[in-house]
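A.B. asks: Let me begin by handing over the structure; questions about it come next.
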Amino acid sequence: MLWFQYSDPLLAGAWVTIQLTFYSTVLGAIFAFAFGIGRLSANRLINAVSVTFIEVFRGTSLLVQLFWLFFALPLLGQWLGIDLRLPPVLAGTLALALNIGAYGAEVVRGALQAVPPTQYEAAKALDLSPRHTLWRIALPQALPEMMPSFGNLAIQNLKDTALVSLIGLADMTFRAEQIRNLTQDSTTIYTLLLFMYFGMALVISALMKLIERYTCRWRTGAQ
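Adding 1 to a residue's 1-based position in the sequence shown gives its number in the working numbering.
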């Protein structure tokens, strides 16, 4: 089998990897903002839930989280009399999103706390509600500071998608391993895989830079 004959199965796997990366990154961003803002909440229950989420998913292995959702959760569901089986794509997406969301929540918290206290004092002097202060004062200034870290997390998330091959999801790594087992051409296959991940990472990096420019303009407009 010539190297260009590997392209069809690898591209089929790449499409699965792209979808996983997109959906888990978007869902992870939602988790990041929800629990990052919750981490700063004056409400003790919201704060406690947010801290628990962050510490659990930052402090445990992504691989263990993935296996727990795919293998252990259905067993727990049987004990409770509930069907909690997750399709591989849903288990993979959720595990990736929860993991990136926990790390992203700390990015959100840090960026919001880095907004100068005088900004919050000015908002209070103008009698703005906490919600208006968050959306009109804090977030426009904090978002540009979050983007470089979010870009790194998105690229890390892309690389972490390789783990879903361990639950039978036919992503790029799964397809590459299938071809390698068939042909024993490890050098060619893993070199192609290396460059495919690198190319995807470059695309993500470029997209995040565009988003960073947009958020900088939003901050300028807010000021």
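From the three backbone atoms N, C-alpha and C, an ideal C-beta is built for every residue, glycine too.
Would DSSP call residue 116 helix, strand or coil?
C.D. replies: Residue 116: coil per DSSP, three-state reduction.
A.B. asks: Can you find the residues in the same chain that come closer than 7 Å, C-beta to C-beta, to residue 34, ignoring five residues on each side of it along the sequence?
C.D. replies: Closer than 7 Å at Cβ, skipping near neighbours: 109.
A.B. asks: Return the CA-CA distance between residue 47 and residue 6, expressed in angstroms with no decimal places.
C.D. replies: Spanning the two alpha carbons is a distance of roughly 53 Å.
A.B. asks: State yes or no: is the C-beta of residue 103 within less than 9 Å of the C-beta of residue 57?
C.D. replies: The answer is yes: Cβ separation under 9 Å.
A.B. asks: Considering only C-alpha positions, which residue in the set 81, 76, 80 is nearest to residue 87?
C.D. replies: Of the candidates 81, 76, 80, the one whose C-alpha sits nearest the C-alpha of residue 87 is 76.
A.B. asks: Leaving out the 5 sequence neighbours to the left and right, which residues in its chain are closer than 6 Å to residue 28 when beta-carbon positions are compared?
C.D. replies: 98.
A.B. asks: Taking the runs of the alpha helix (DSSP H) that are 4 residues or longer, which of them lie wholly in the region 116-183?
C.D. replies: Listed in chain order, the complete alpha helix (DSSP H) runs (minimum 4 residues) inside the region 116-183 are 118-126, 131-134, 140-161.
A.B. asks: Measure from the alpha carbon of residue 138 to the alpha carbon of each residue in 159, 112, 158, then state which is nearest.
C.D. replies: It is 112.
A.B. asks: What residue range does the alpha helix (DSSP H) around residue 14 cover?
C.D. replies: That run of the alpha helix (DSSP H) goes 8-39.
A.B. asks: With distances taken from CA atoms, which of 39, 65, 105, 9 is nearest residue 295?
C.D. replies: Residue 295 lies beyond the residue range present for the chain, which begins at 2 and ends at 224; the question has no answer from this structure.
A.B. asks: DSSP three-state call for residue 206: helix, strand or coil?
C.D. replies: Residue 206: helix per DSSP, three-state reduction.
A.B. asks: Are the region 166-179 and the region 13-31 touching, with three or more C-beta to C-beta distances below 8 Å?
C.D. replies: Segments in contact, yes.
A.B. asks: With the cut-off set at 9 Å, would you say residue 177 and residue 193 are in Cβ contact?
C.D. replies: Going by C-beta atoms, residue 177 is nearer than 9 Å to residue 193.
A.B. asks: Please state the DSSP three-state secondary structure of residue 110.
C.D. replies: In this structure, residue 110 counts as helix in the three-state DSSP scheme.
A.B. asks: Going by the CB atoms, is the gap between residue 66 and residue 100 shorter than 9 Å?
C.D. replies: Their beta carbons are under 9 Å apart, which means residue 100 touches residue 66 by this criterion.
A.B. asks: Could you tell me which of 213, 96, 31, 53 sits nearest to residue 69, measuring between CA atoms?
C.D. replies: Closest by alpha carbon: 96.
A.B. asks: Which first and last residues belong to the alpha helix (DSSP H) in which residue 69 is found?
C.D. replies: Neither: residue 69 is in no alpha helix (DSSP H) and is coded neither H nor E.
A.B. asks: If I'm right that residue 217 touches residue 145 with Cβ under 8 Å, what's the distance once you round it to whole angstroms?
C.D. replies: Correct: roughly 5 Å between the Cβ atoms.
A.B. asks: Excluding the 5 residues preceding and the 5 following residue 89 in the sequence, name in chain order all residues of the same chain whose CB lies nearer than 8 Å to its CB.
C.D. replies: Cβ neighbours of residue 89 beyond the five flanking positions: 71, 165, 168, 169, 170.
A.B. asks: By a C-beta neighbour count over all protein chains shown, 10 Å radius and 16 as the cutoff for buried, is residue 60 buried or exposed?
C.D. replies: Per the 10 Å Cβ criterion, exposed.
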